[in-house]
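Here's the structure, in structure tokens; my notes come after.
Residue numbers (my numbering), protein chains in the order written: chain A, 121 to 231; chain B, -6 to 107.
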């Protein structure tokens, strides 16, 4: 799998948008970008994934650059409950089940 | 059930003892996965079950680790002769067959070997 690089931490004000960057410059053409998060003492939670088009769901938006070497996860209106470690990974979909997370970005949402 | 259920949530055991960790996946999910997460470390794949196929055990760190899945539902991860380096959070996840998107994880079992 392609490696990803994320900043170790970031703060965000409650109610504001949180923009989380991820670099994946060695991504292959068949690899998807996935985002998960892990709130303290809970298991990882799937957020969103995409191949090359921007994606949006009820939790977040994913913006992937045209060259696919980087992406940004956007939490449109951060709440205190969004405080978590956010993981960006790249993997081939469907049968690629050997998930492996790095250190991720620790996001702290402040009131 | 509504989510993936794991038990116990916490387990403290003495070095050398055997432990069993249980996972109840979401009803109807044919794929089940075990991972572990050590303090300050990322996620590490352990084993994968898919329906009646032979499980992928390639992530098990040693032959002290084994897992079963009975009736295509509940799974048990067994660690024999536990060592201190086995201390970690053991996470179970399940998904529908061939899911291209994320899995549903349980809250994990925190294992501490003293």
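Just so it is clear, CB atoms sit at the ideal spot from N, CA and C, and this is done for glycine as well.
The structure presented is a predicted model; accordingly, all values stated were derived computationally and were not measured.
Tell me, please, whether the CB atom of residue i is closer than 9 angstroms to any CB atom in chain A?
i	result
residue 38 (chain B)	yes
residue 24 (chain B)	yes
residue 84 (chain B)	yes
residue 100 (chain B)	yes
residue 35 (chain B)	yes
residue 69 (chain B)	no
residue 17 (chain B)	no
residue 11 (chain B)	no
List the endpoints of the continuous beta strand (DSSP E) containing residue i.
i	result
residue 173 (chain A)	Neither: residue 173 (chain A) is in no beta strand (DSSP E) and is coded neither H nor E.
residue 45 (chain B)	Run containing residue 45 (chain B): none; DSSP gives neither H nor E here.
residue 4 (chain B)	3 to 6
residue 204 (chain A)	204 to 212
residue 130 (chain A)	129 to 133
residue 139 (chain A)	138 to 143
residue 229 (chain A)	225 to 230
residue 30 (chain B)	24 to 30
residue 153 (chain A)	151 to 158
Can you have a look at residue i and say buried or exposed, based on whether 16 or more other CB atoms are within 10 angstroms of its CB?
i	result
residue 159 (chain A)	exposed
residue 191 (chain A)	buried
residue 148 (chain A)	exposed
residue 164 (chain A)	buried
residue 32 (chain B)	exposed
residue 9 (chain B)	exposed
For residue i, I'd like the list of residues in its chain whose CB is within less than 6 angstroms of its CB, leaving aside the five on either flank, ordered along the chain.
i	result
residue 49 (chain B)	41
residue 155 (chain A)	167, 168, 193, 208
Which residues in the same chain have their Cβ closer than 7 angstroms to the Cβ of residue i, if we skip the five residues on either side of it in sequence?
i	result
residue 36 (chain B)	28, 30
residue 139 (chain A)	192, 194
residue 133 (chain A)	230
residue 199 (chain A)	134, 229
Taking 9 angstroms as the CB-CB cut-off, is residue i touching chain B?
i	result
residue 165 (chain A)	yes
residue 180 (chain A)	no
residue 219 (chain A)	yes
residue 224 (chain A)	yes
**Message:** Between the segment 81 to 92 of chain B and the segment 5 to 24 of chain B, can you find at least three pairs of beta-carbon atoms closer than 8 angstroms?
**Reply:** Flag = yes, the segment 5 to 24 of chain B and the segment 81 to 92 of chain B touch.
**Asked** Do three or more CB pairs link the segment 168 to 178 of chain A to the segment 122 to 131 of chain A at distances below 8 angstroms?
**Response** Segments in contact, no.
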